[in-house]
Structures are given as C-alpha cells and as structure tokens.
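Working notes for the structure below.
Numbering (the numbering used here), first residue to last: 1008 to 1160.
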C-alpha cells in the first residue's frame, strides 16, 4: 500500500509540475501573440505609408516625363524654326543652298551577325552560367554598336 501511495504522490507531483509548465507556456504564448499583433500593426502602418510615398513618387515621375516630353517637342520646334530662318536668310543673301544631303551607309550584313552560343538546357537555371551568358551578349552588343558608330562617322 505504501508503494501505491508513493507512486500516487509522485504522479501528483509530476502532474503539478506539468500544470505549472503548461501555465508558463500559456502565458508565454499570450505574450508572443501580443508581440506579434504589435509588430503586425507597426508594419501595417509602415506598409501603408510606403505605398503612399511610392504612389506620390510615381505621380512625380509621370509629371516630369510629361514636362520633358513637352520640352523636347519645343526644342524640336525651335530647331525647325531656326533651320527655316537660316534657309530664308540664305535666300535673302542670294545663296540658296541645299542642306539636306542624304548620305547612305552600307554595312556588310556579315558584320551584324552576333555570335552567341545558346545555353545548354541543363545549365539554364545555373545563375553563374546565365550571368556569364548575359555579360558576353552585352559585350558583343557593345562591339556591334561601336562598329555601327564607326560606319556612321
């Protein structure tokens, strides 16, 4: 009988310890819930504020784009006016000239060929191979631009 009482006391002691641990875990869980709620609310306001800022910046960029477009249109118009006035001045001086001579450049189609090897399908998802591929392609595009610029000059 003593043995059974002793086991019952041990079980009750273990049960009390477990109840104490459960109550600690419940308190910790409530604290974590509260902390999570506070963090969520703080990020929510930050997210709204950053969205408003980005929307404002997008509007500013759009307005600047329209302004730049208008300035470019005015600049082109002024360039045309200046050219017309120059022609009129030359006519008045008796020196009618033709400014608009068209020069044609012939570029050998062989020079425009870009020698880019396709990426092997098994390496397509390899970031290093892909970045090397892009770098080489960009280098060849730069070379091609230089060739075209050289032919134009």
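Glycine included, each C-beta is placed from N, C-alpha and C at the ideal position.
These figures come from a predicted structure and were not determined experimentally.
Start and end residues, alpha helix (DSSP H) containing residue i
i: residue 1097; result: 1009-1100
Close-in-space but distant-in-sequence residues of the same chain around residue i (CB under 7 Å, 5 per side omitted)
i: residue 1092; result: none
i: residue 1017; result: none
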